[in-house]
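Protein chains in written order, with our numbering: chain A, 655 to 766; chain B, 15 to 124. We treat Cβ as the ideally placed atom computed from N, Cα and C, and that holds for glycine.
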């Protein structure tokens with residue numbers, strides 16, 4: 655069992671570009687969560703998805719951010735027109751229904 | 015809005031000493047987690063506490079939960095350098111969505 659796989663590990667973008675972060679959940683897990691961690695802070699919930707459904711996006715910024723978890727393939731967190739304030743570590747976690755969360759290694763996004 | 019507060023936020027201690035990290039939260043919850051994070055790394059799950067009075071121990075770490083007081087503690091016994099890391103508590107707000115505390119950065123000095 656490979657665990658929760660995130661890629662890329664590091665992503666550098668210039669202001670105004672798009673960032674696409676990928677997350678493959680653990681085998682058998684149907685629930686995916688995205689969290690953002692700013693330097694020296696705890697993780698902040700962004701969005702909770704099941705296959706082809708967004709269950710809770712209450713932590714997502716209203717503009718430029720979107721997430722999907724298609725029937726086939728990884729979950730994608732997409733940030734359009736990135737700004738410096740988007741620089742953070744983005745963690746994905748997966749679980750079975752009502753199960754324990756397992757976190758990936760994260761993607762460190764740096765916006766120049 | 016659920017608030018989760020940890021204290022202290024920074025803790026420097028000597029090897030061999032004992033200390034406790036506190037986690038207070040503002041609403042009822044039936045699950046509380048403790049995680050460890052090393053610099054630049056992901057979160058490692060340490061404990062899941064599911065009920066009032068729950069106590070779990072692993073090595074030099076022991077976690078407890080008092081749901082009536084909305085308080086969890088992480089006790090460190092006879093600290094060693096390898097325990098240096100940032101420790102987070104997180105409260106389950108439903109559907110396995112977690113609200114994290116700010117983290118306690120622990121440094122254990124020789």
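| Item | Value |
| --- | --- |
| Between the Cα of residue 764 of chain A and the Cα atoms of A:656, A:663, A:659, which residue gives the shortest distance? | A:663 |
| Cutting at 7 Å between CB atoms, please list the residues of its own chain near residue 683 of chain A, excluding the five before and the five after it. | 748, 749, 750 |
| Flag this pair as yes or no: are the beta carbons of residue 20 of chain B and residue 100 of chain B separated by less than 8 Å? | no |
| Residue 658 of chain A and residue 757 of chain A - do their beta-carbons sit closer together than 8 Å? | yes |
| Does the structure place the stretch 700-709 of chain A close enough to the stretch 667-678 of chain A that three or more beta carbon pairs sit under 8 Å? | no |
| Mind checking whether residue 47 of chain B and residue 97 of chain B have CB atoms under 8 Å apart? | no |
| Interface residues of chain B around residue 695 of chain A at Cβ under 9 Å? | 114, 116, 117 |
| Can you list the beta strand (DSSP E) stretches of 3 or more residues lying completely in the stretch 36-60 of chain B, in chain order? | 46-51 |
| Residue 758 of chain A touches chain B at which residues, Cβ-Cβ below 7 Å? | 56 |
| For residue 94 of chain B and residue 88 of chain B, I'd like the C-alpha separation in whole angstroms. | 15 Å |
| For a quick check, are the C-beta atoms of residue 656 of chain A and residue 691 of chain A less than 8 Å apart? | no |
| Helix, strand or coil: which one does DSSP assign to residue 683 of chain A? | coil |
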